[in-house]
DNA sequence: TCCTTACATTGATGGTTGTCAATGTACGAA
DNA sequence: TTCGTACATTGACAACCATCAATGTAAGGA
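Residue numbers (the working numbering), protein chains in the order written: chain S, 1 to 120; chain F, 1001 to 1120.
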């Protein structure tokens, strides 16, 4: 049996866990929270959207329709899901909505995975 | 406009990309591949299953039914999805199947996210 | 050869999700 | 105020997914 650092997620931080194996499993609530974020990343259109937004400091919704080749309601649907997962944030200025990534949330999610694989 | 490192995934490595912005978006194929892995992580039961397996060097399928409170076919369904995503591997010995995590794949996925957020 | 055990597969079902046409809303320009 | 534009919302539909009962398979033990 290994004594690796299991997956442990708290509200907004990830900790390398030192608890006994009996406490190593993700709780139901923690797993649901993390799964909903992974769910937001589990779509090719949303991943390409996220990479488009990440490649600039700000991107307007109207600049996403073209590259992603999806209808305007579909773009709006996907930006909403990414925003609800805390991965992007939008700001309305005039008639346009400008989106930018939330790097802290991306790192948060990344650490959920790396911590768990320290025992390699 | 930032000159950040966009999301770039190759077959089994992640590279901090230096290409112009016009090439910064994930390709359709790259996005589909990454999305399918995130899809495997987008379920609370599978995340708890993964953390259970990651907390030991090896876990038998029969040791997952109890903690996860799911039927045997459901457990079998989820181990299959995690395995097809390359996140775990199974080995049959006698009547039992022993599962272990593939840490390389977890780190691979984690780097997809961290690389993209370097521009913080 | 039976019987039990560990796991996979099949089939069915209810819930979720991606997509878009149609419509609503709110802002700016004329 | 009227019109066009940027985006959100609604409603509908097809595809996908999580779940489990029933059944299949294969390995050990008696």
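For glycine and all other residues, C-beta sits at the position ideal for the given N, C-alpha and C.
{"query": "Boundaries of the beta strand (DSSP E) in which residue 1029 of chain F is found, first to last residue", "result": "Where residue 1029 of chain F is concerned, there is no enclosing beta strand (DSSP E), although the alpha helix (DSSP H) it sits in stretches over 1028-1041."}
{"query": "Reference residue 1057 of chain F, options F:1109, F:1112 and F:1091, closest by Cα", "result": "F:1091"}
{"query": "Short CB-CB distance (under 8 Å) between residue 1113 of chain F and chain S", "result": "yes"}
{"query": "Burial state of residue 105 of chain S (16 or more Cβ within 10 Å)", "result": "buried"}
{"query": "Beta carbon proximity, residue 94 of chain S to chain F, threshold 8 Å", "result": "no"}
{"query": "Closer than 8 Å to chain S by CB, residue 1051 of chain F", "result": "yes"}
{"query": "Nearest-angstrom beta carbon gap, residue 1101 of chain F and residue 1050 of chain F [assumed within contact, 8 Å]", "result": "7 Å"}
{"query": "Beta-carbon spacing of residue 1045 of chain F, residue 1082 of chain F below 8 Å", "result": "no"}
{"query": "Among F:1110, F:1084, F:1061 and F:1036, the one whose alpha carbon lies nearest that of residue 1076 of chain F", "result": "F:1061"}
{"query": "Residue 74 of chain S - containing beta strand (DSSP E), residue span", "result": "Not the beta strand (DSSP E): residue 74 of chain S falls in the alpha helix (DSSP H), residues 72-84."}
{"query": "For residue 1041 of chain F and residue 38 of chain S, believed in contact at Cβ under 8 Å, the rounded distance", "result": "4 Å"}
{"query": "Beta carbon of residue 85 of chain S nearer than 8 Å to that of residue 36 of chain S", "result": "yes"}
{"query": "8 Å Cβ cutoff, residue 44 of chain S in contact with chain F", "result": "yes"}
{"query": "Beta carbon of residue 1088 of chain F nearer than 8 Å to that of residue 1096 of chain F", "result": "no"}
{"query": "Proximity test, Cβ basis, 8 Å: residue 1106 of chain F and chain S", "result": "yes"}
{"query": "Near-chain F residues of the region 31-43 of chain S (beta-carbon distance less than 7 Å), N- to C-terminal order", "result": "31, 32, 34, 35, 38, 39, 41, 42 and 43"}
{"query": "Separation of residue 1031 of chain F from residue 94 of chain S, as counted between CA atoms", "result": "32 Å"}
{"query": "Neighbour-count burial assignment, residue 43 of chain S, 16 or more Cβ in a 10 Å radius", "result": "buried"}
{"query": "Interface flag, residue 64 of chain S vs chain F, CB-CB below 8 Å", "result": "no"}
{"query": "Proximity below 8 Å, CB of residue 1110 of chain F to CB of residue 79 of chain S", "result": "no"}
{"query": "Host beta strand (DSSP E) of residue 1101 of chain F (start-end)", "result": "1096-1101"}
{"query": "DSSP three-state assignment for residue 1065 of chain F, whether helix, strand or coil", "result": "helix"}
{"query": "Proximal residues to residue 59 of chain S (C-beta, below 8 Å), its chain only, five neighbours per side dropped", "result": "52, 53, 98, 99 and 100"}
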